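Encoded as structure tokens, the structure appears first; notes follow it.
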Amino acid sequence: MTASDATTTDPTDPTAPAVTTGQTDLLDLDAELAALTAADEATAAALAQDRARGQRRERRQMRAAWVALFAGLLISLGCFASIAWHDSAAAGADPVPVHAPAAP
Numbered sequence: 013m014t015a016s017d018a019t020t021t022d023p024t025d026p027t028a029p030a031v032t033t034g035q036t037d038l039l040d041l042d043a044e045l046a047a048l049t050a051a052d053e054a055t056a057a058a059l060a061q062d063r064a065r066g067q068r069r070e071r072r073q074m075r076a077a078w079v080a081l082f083a084g085l086l087i088s089l090g091c092f093a094s095i096a097w098h099d100s101a102a103a104g105a106d107p108v109p110v111h112a113p114a115a116p
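Counting from 1 along the sequence shown, just add 12 to a position and that's the residue number in this note's numbering.
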């Protein structure tokens, strides 16, 4: 028996391996690597989508917080102006209404 006979397979021989053991292991590893690579790419794409959604949600929440802060400041300013207006009227000053025309 020669070295070439050891790797030659007979399709009619049920005891003969189809390929050598080393080749089978490499084929299995290649298939497993391809499956893992596809799974990694799908996971990376899903993570990128989640990250983008999270960033959009954070920007929306930050915008809402700034709007609420600005509205609160405007309300506070209006309250202080109203208090000052009424305090000056109570002190005897004659407040000029905003809608009244200026005296010539």
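For glycine and all other residues, C-beta sits at the position ideal for the given N, C-alpha and C. These figures come from a predicted structure and were not determined experimentally.
Item to check | Inter-residue Cα distance where the pair is Arg65 and Leu86 | outcome: Within the sequence shown, residue 65 is the residue found at index 53, counting from 1. Within the sequence shown, residue 86 is the residue found at index 74, counting from 1. Straight through space, the alpha carbons of Leu86 and Arg65 are spaced by roughly 32 angstroms.
Checklist entry - Where Leu59 and Ala76 are concerned, what is the direct C-alpha to C-alpha distance, given to the nearest angstrom? => result By 1-based counting over the sequence shown, the position of residue 59 is 47. By 1-based counting over the sequence shown, the position of residue 76 is 64. About 26 angstroms.
Next on the checklist: Quick check: what's the CA-CA separation for Arg72 versus Ala80?
Outcome noted: Sequence index remark: in the sequence shown, residue 72 carries index 60 (1-based). Sequence index remark: in the sequence shown, residue 80 carries index 68 (1-based). Between Arg72 and Ala80, the C-alpha separation is close to 12 angstroms.
Item to check | Separation of Leu48 from Ala57, as counted between CA atoms | outcome: For this step, residue 57 is matched to residue 45 along the sequence shown. For this step, residue 48 is matched to residue 36 along the sequence shown. Ala57 and Leu48 have their C-alpha atoms roughly 14 angstroms apart.
Checklist entry - Do you know offhand how far Cys91's Cα is from Thr55's? => result Position 79 of the sequence shown, counting from 1, holds the residue named residue 91. Position 43 of the sequence shown, counting from 1, holds the residue named residue 55. The alpha-carbon atoms of Cys91 and Thr55 are separated by roughly 54 angstroms.
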